[in-house]
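Visitor:
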Amino acid sequence: MTERNAGLTADVLFVAVTRPPMRWGVTFSALMFNLVFTMEAFLLTKNLLTLLVALPIHAVCALLCARDARFFDLILLWGRTRMPAYFANFRLWKASSYSPLALDRRWAP
495 MTERNAGLTA DVLFVAVTRP PMRWGVTFSA LMFNLVFTME AFLLTKNLLT
545 LLVALPIHAV CALLCARDAR FFDLILLWGR TRMPAYFANF RLWKASSYSP
595 LALDRRWAP
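With this note's numbering applied, the sequence shown corresponds to residues 495 to 603, in that order.
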């Protein structure tokens, strides 16, 4: 009998179970962004040809979703976590903190 080397055990990953729901090659969050942006542009210009803006936006979203299916979820997560810190003081101190200096004064002025 030949003995098999156990080595590393590989578990099968079912990608279909872990992917977000998609429609026409993009996630629903990207589809909603495209819809809202195109409708706002249409309402501002009142021109039916403005609705064609949805096609290149959809193409860019499809390319991004082909690269990573959770691209827009990750962008939204970054916006909720890192963006407030960036606007607060990350640009100045290169760190996410409320105050890099001690504000407690223990001596009389």
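Just so you know, even glycine gets a beta-carbon here, dropped at the ideal spot from N, CA and C.
Say yes only if the C-beta of L546 is nearer than 7 angstroms to one or more non-hydrogen atoms of the ligand MN, and no if none qualify.
Guide: As for the ligand MN, it is missing from this structure, which has no ligand bound.
Visitor: Three or more C-beta pairs closer than 8 angstroms, one from the segment 506 to 516 and one from the segment 533 to 549: is that the case here?
Guide: Counting Cβ pairs under 8 angstroms, fewer than three are found: no touch.
Visitor: Tell me the rounded alpha-carbon separation between F536 and G501.
Guide: About 60 angstroms.
Visitor: Once the 5 residues before and after R513 are set aside, which same chain residues still bring their CB inside 7 angstroms of it?
Guide: Correct list, in chain order: A563.
Visitor: On the DSSP letters alone, give me the boundaries of the alpha helix (DSSP H) that T539 sits inside.
Guide: Element bounds for T539: 522 to 539.
Visitor: Are the CB atoms of T503 and C559 nearer to each other than 8 angstroms?
Guide: Taking 8 angstroms as the Cβ cut-off, T503 and C559 do not qualify as a contacting pair.
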